[in-house]
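>
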Amino acid sequence: MPVTASPAVDTIGTHAPESNAVIKPGYDERLTNEDLAPLRKQTWGTYNIFAFWMSDVHSVGGYITAGSLFALGLSSWQVLVALLIGILIVQFFCNLVAKPSQLTGTPYPVICRASFGVLGANIPAIIRGLIAVAWYGIQTYLASSAFLVLALHFFPQLAPYADLKQHGFAGLSSLGWAAFMTLWVLQALVFWTGMETIRKFIDWAGPAVYVVMIALAIWLINKAGIENVNFTLSFLKYQGWDSVPVMLSAIALVVSYFSGPMLNFGDFSRYAKDFRSVKRGNFWGLPVNFLGFSLLVVVTTSATLPVFGKLITDPVETVSHIDSTFAMLLGAFTFMTATIGINIVANFVSPAFDFSNVSPKYISWRTGGMIAAVASIFITPWNLYNHPTMIHYTLDVLGAFIGPLFGILISDFFLVRRQRVVVDDLYTLRKTGTYWYRRGYNPTAVATMIPSAIVPVLCVVIPSWQWLASYSWFIGMGIALVLYRALAPRLMPAHLADARQA
Numbered sequence: 003m004p005v006t007a008s009p010a011v012d013t014i015g016t017h018a019p020e021s022n023a024v025i026k027p028g029y030d031e032r033l034t035n036e037d038l039a040p041l042r043k044q045t046w047g048t049y050n051i052f053a054f055w056m057s058d059v060h061s062v063g064g065y066i067t068a069g070s071l072f073a074l075g076l077s078s079w080q081v082l083v084a085l086l087i088g089i090l091i092v093q094f095f096c097n098l099v100a101k102p103s104q105l106t107g108t109p110y111p112v113i114c115r116a117s118f119g120v121l122g123a124n125i126p127a128i129i130r131g132l133i134a135v136a137w138y139g140i141q142t143y144l145a146s147s148a149f150l151v152l153a154l155h156f157f158p159q160l161a162p163y164a165d166l167k168q169h170g171f172a173g174l175s176s177l178g179w180a181a182f183m184t185l186w187v188l189q190a191l192v193f194w195t196g197m198e199t200i201r202k203f204i205d206w207a208g209p210a211v212y213v214v215m216i217a218l219a220i221w222l223i224n225k226a227g228i229e230n231v232n233f234t235l236s237f238l239k240y241q242g243w244d245s246v247p248v249m250l251s252a253i254a255l256v257v258s259y260f261s262g263p264m265l266n267f268g269d270f271s272r273y274a275k276d277f278r279s280v281k282r283g284n285f286w287g288l289p290v291n292f293l294g295f296s297l298l299v300v301v302t303t304s305a306t307l308p309v310f311g312k313l314i315t316d317p318v319e320t321v322s323h324i325d326s327t328f329a330m331l332l333g334a335f336t337f338m339t340a341t342i343g344i345n346i347v348a349n350f351v352s353p354a355f356d357f358s359n360v361s362p363k364y365i366s367w368r369t370g371g372m373i374a375a376v377a378s379i380f381i382t383p384w385n386l387y388n389h390p391t392m393i394h395y396t397l398d399v400l401g402a403f404i405g406p407l408f409g410i411l412i413s414d415f416f417l418v419r420r421q422r423v424v425v426d427d428l429y430t431l432r433k434t435g436t437y438w439y440r441r442g443y444n445p446t447a448v449a450t451m452i453p454s455a456i457v458p459v460l461c462v463v464i465p466s467w468q469w470l471a472s473y474s475w476f477i478g479m480g481i482a483l484v485l486y487r488a489l490a491p492r493l494m495p496a497h498l499a500d501a502r503q504a
């Protein structure tokens, strides 16, 4: 039986009548709360997973990322091949990382206790939480720009308050602050109502973007005339073998874009009623959806040149040029909603679980989410976003840890433990527990993490190595996967024996 209950723990579940959590008498309160405990009922189907990925892809960031692939100097078919390979890699790894959480009904930081130890799991939780905080702030800032467009369109007299030099503080104008905080509060309200409301929100947010994108594409093509639209977004620079490195970079860009949500996908796959639903949702939500969305991006971006006289890759700017008040209002509202969607699923829910895992007794899921939200204000994300060098080093260095974390989790679950998890021992601090290791930390995971993170970081900070920076996720993941598998039999033989018995 791959997933088992520890014989040393009472198997009579106790939970509040309306709770969906199973908290057993033997669970330690220092590791358990209703948000981190295994789920009693898993109800998400294929569409819910599909909608999750739509919310993740359909954003301003996703729009710009997809458009940038077609501006690398490759032919359209080469870009599509690179895009397809990249998203199939993402789909494959998402299926892998989803399985342990779906089988056990536990979120990402809890399933990490199996590989890092019941206390050591705070290492990956905090790293992932910090990355999410940075991106949460940046995505909120991007969404607020759409709000700013609307405000200035309907109230042009507010223009002086959008001028940083006249009315500004900490690098943001007064109107910018108002827009940012409005979006900040709206996201917090959606999050605070709980996962069921979030599920309902993402179920309609992703499809709504498709409706507006299709309408925008039709309007632009009708305005420009189909014969005036050139679907190649850049001059052809690379041919033959010269195009291979660029295609590999495009593949790496796709994987890197999804690396954060991919790592903590277990936070959502835990709600799926079966693994088949996860795989089908991933198929429709990743290769099918991403290809469709990317093609729509190419159509809309290409049509901006004949319509507006310049190539516009930012959808918010595209919408701001539309002379129809209703169309601009609908478009800006939709992209604002889309960015709220990705922010909640990728950068709000995840740190909520991550920070709650640090001290479950005192930090609930909601409290963890609000810690992340408040922290996102103090990092002044607009300053990060407006200084590409700073954001490059900050997020790339943090991102260099994502690959190793992924590699350790996958290696432990599939290669070392052969898909066996003693669920009850994920919630105990007993020294005889399977995941106590040495004082709650797994030395194998720590020993693996250090070198497998150092190498990708060096690829980011050493100029002569920066040609490898695009592949830092693959490098870190590969080193961690192999190293953890090699060290595990030597550093944790007793625990492997326990897992085989389970």
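Just so we're aligned, residue 3 is where the sequence shown starts under this note's numbering, counting upward by one. Note that the Cβ used here is the ideal one computed from N, Cα and C, for glycine as well.
Touch check for the stretch 451–458 and the stretch 471–479: three-plus C-beta pairs under 8 Å?
Touching, yes.
> Check whether the stretch 33–51 and the stretch 281–289 are in contact - that is, three or more C-beta pairs closer than 8 Å.
yes
> To test your reading of the DSSP string, which unbroken alpha helix (DSSP H) runs of 4 or more residues are found completely within the stretch 158–214?
176–194
> With a cut-off of 8 Å, do at least 3 Cβ pairs link the stretch 22–42 to the stretch 413–431?
yes
> Could you please give me the residues that DSSP links to Y443 through a beta bridge?
The residue you call residue 443 lines up with position 441 of the sequence shown. According to DSSP, Y443 bridges with R440.
> Please state if the CB of T67 and the CB of Y212 are separated by a distance shorter than 8 Å.
Here residue 212 refers to the residue found at position 210 when the sequence shown is read from its first residue. Here residue 67 refers to the residue found at position 65 when the sequence shown is read from its first residue. Against a cut-off of 8 Å, the Cβ pair of T67 and Y212 comes out as no contact.
> Hey, G119 and N359: beta-carbon distance below 8 Å or not?
Sequence index remark: in the sequence shown, residue 119 carries index 117 (1-based). Sequence index remark: in the sequence shown, residue 359 carries index 357 (1-based). Cβ distance not < 8 Å, so G119 and N359 don't count as in contact.
> Relative to the C-alpha of M451, which candidate in I200, V192, T199, I404 has its C-alpha closest?
As a working mapping, residue 451 is identified with position 449 in the sequence shown. Of the candidates I200, V192, T199, I404, the one whose C-alpha sits nearest the C-alpha of M451 is I404.
> I want to know whether the stretch 337–348 touches the stretch 90–99 - three or more CB-CB distances under 8 Å.
no
> Can you list, in chain order, the residues of its chain with a C-beta nearer than 6 Å to that of V418? Leave out the 5 residues immediately preceding and following it.
What you label residue 418 is simply residue 416 of the sequence shown in a count that begins at 1. If we look at V418 and ignore the five residues flanking it on each side, its Cβ neighbours are A490.
> Taking the continuous alpha helix (DSSP H) assigned at N349, which residues delimit it?
As a position in the sequence shown, residue 349 is number 347, starting the count at 1. Note, N349: alpha helix (DSSP H), 327–349.
> Nearest-angstrom Cα distance between A169 and I365?
Position 167 of the sequence shown, counting from 1, holds the residue named residue 169. Position 363 of the sequence shown, counting from 1, holds the residue named residue 365. Reading the sequence as shown, one finds His at residue 169 and not Ala. Taking the straight line from one Cα to the other gives about 37 Å.
> Taking 7 Å as the limit between beta carbons, can you name the residues of its chain near A334, skipping five residues before and five after?
The residue given as residue 334 occupies position 332 in the sequence shown. Hits under 7 Å: A148, V151, L152, V318, V321.
> Just to confirm, are G343 and A354 a CB contact at a threshold of 8 Å?
Residue numbering aside, residue 343 sits at position 341 when the sequence shown is read from its first letter. Residue numbering aside, residue 354 sits at position 352 when the sequence shown is read from its first letter. Not in contact: G343 and A354 (Cβ atoms no closer than 8 Å).
> Report buried or exposed for S352, applying the criterion of at least 16 other Cβ atoms within 10 angstroms of its Cβ.
Translated into positions along the sequence shown, residue 352 becomes position 350. S352 comes out buried.
> DSSP three-state call for T302: helix, strand or coil?
Counting from 1 along the sequence shown, the entry for residue 302 is found at position 300. T302 falls in the helix class under three-state DSSP.
> For the alpha helix (DSSP H) containing N35, list its first residue and its last residue.
One-based indexing of the sequence shown puts residue 35 at position 33. Premise fails: N35 is in no alpha helix (DSSP H) and is neither H nor E.
> Considering only DSSP beta bridges, list what A274 is partnered with.
Residue mapping note: residue 274 aligns to position 272 of the sequence shown, counting from 1. Bridge partners of A274: W46.
> Given this structure, state the Cα-to-Cα distance separating A248 from A161, to the nearest angstrom.
The sequence position of residue 248 within the sequence shown is 246, counting from 1. The sequence position of residue 161 within the sequence shown is 159, counting from 1. Here residue 248 is Val; the residue named in the question, Ala, does not match the sequence. Rounded to the nearest angstrom, the two C-alpha atoms are 42 Å apart.
> Take G139 and list the residues in its own chain whose beta-carbon comes closer than 6 Å to its own, dropping the five residues that flank it on each side.
Position 137 of the sequence shown, counted from the start, is the residue given in the question as residue 139. These residues qualify, in order along the chain: S378, I381, P383.
> Are the beta-carbon atoms of T45 and K275 separated by less than 8 Å?
Locating residue 45 in the sequence shown gives position 43, where the first residue counts as 1. Locating residue 275 in the sequence shown gives position 273, where the first residue counts as 1. Cβ atoms of T45 and K275: closer than 8 Å.
> Taking the alpha helix (DSSP H) that G67 falls in, what are its first and last residues?
Along the sequence shown, read from residue 1 onward, the residue named residue 67 stands at position 65. The amino acid occupying residue 67 in the given sequence is Thr; Gly does not appear at that position. T67: member of the alpha helix (DSSP H) spanning 62–71, first to last residue.
> Have a look at L2 and V463 and give me their C-alpha separation to the nearest angstrom.
With the chain covering only 3 through 504, there is no way to say anything about residue 2.
> Take the Cβ of D165 as the centre, count every other Cβ of all protein chains shown within 10 Å, and call the residue buried at 16 or more, exposed below.
Taking the first residue of the sequence shown as 1, we reach residue 165 at position 163. D165 is exposed by the Cβ-count criterion.
> Tell me, please, which residues DSSP counts as bridged to L41.
As a working mapping, residue 41 is identified with position 39 in the sequence shown. According to DSSP, which records beta bridges pairwise, L41 is partnered with A23.
> In angstroms with no decimal places, state the Cα-to-Cα distance between V231 and V301.
As a first step, residue 231 is located in the sequence shown; it is residue number 229 there, counting from the start. As a first step, residue 301 is located in the sequence shown; it is residue number 299 there, counting from the start. Computed Cα separation, rounded: 8 Å.
> V81 and L74 look like a contact to me (Cβ under 8 Å); what is the Cβ gap, rounded to whole Å?
Taking the sequence shown and counting its residues from 1, the one referred to as residue 81 is at position 79. Taking the sequence shown and counting its residues from 1, the one referred to as residue 74 is at position 72. Indeed they touch by this definition, with Cβ atoms about 7 Å apart.
> DSSP state of V120, grouped into three classes?
Counting from one through the sequence shown, the residue named residue 120 turns up at place 118. V120: coil per DSSP, three-state reduction.
> With DSSP run on the structure shown, which of helix, strand or coil describes K239?
Position 237 of the sequence shown holds residue 239. If DSSP states are grouped into helix, strand and coil, K239 belongs with coil.
> For L86 and L293, which I take to be in contact (beta-carbon distance under 8 Å), what is that distance rounded to the nearest angstrom?
Residue numbering aside, residue 86 sits at position 84 when the sequence shown is read from its first letter. Residue numbering aside, residue 293 sits at position 291 when the sequence shown is read from its first letter. Contact check for L86 and L293: beta-carbon distance about 7 Å, within the 8 Å limit, so the pair qualifies.
> Taking the alpha carbon of G268 as the point to measure from, which residue in T108, S21, G69 has its own alpha carbon closest?
Here residue 268 is taken as the residue at index 266 of the sequence shown, counted from 1. Ranking the options by Cα distance to G268, first place goes to T108.
> Would you identify the three-state DSSP class for Y486, choosing helix, strand or coil?
Within the sequence shown, the letter at position 484 stands for residue 486. Three-state result, Y486: helix.
> Measure the beta-carbon distance from V347 to D58 and round it to whole angstroms, keeping in mind my assumption that it falls under 8 Å.
Along the sequence shown, read from residue 1 onward, the residue named residue 347 stands at position 345. Along the sequence shown, read from residue 1 onward, the residue named residue 58 stands at position 56. Contact flag correct, Cβ pair sits at about 6 Å.
> Considering Cα atoms alone, identify which of Y29, L250, F156 is closest to S326.
By one-based count along the sequence shown, residue 326 stands at place 324. The option with the nearest alpha carbon to S326 is F156.
> Using 10 angstroms around the beta-carbon of L191, count the other beta-carbons present and answer buried if the total reaches 16, otherwise exposed.
Along the sequence shown, read from residue 1 onward, the residue named residue 191 stands at position 189. Exposed: under 16 other Cβ atoms inside 10 Å.
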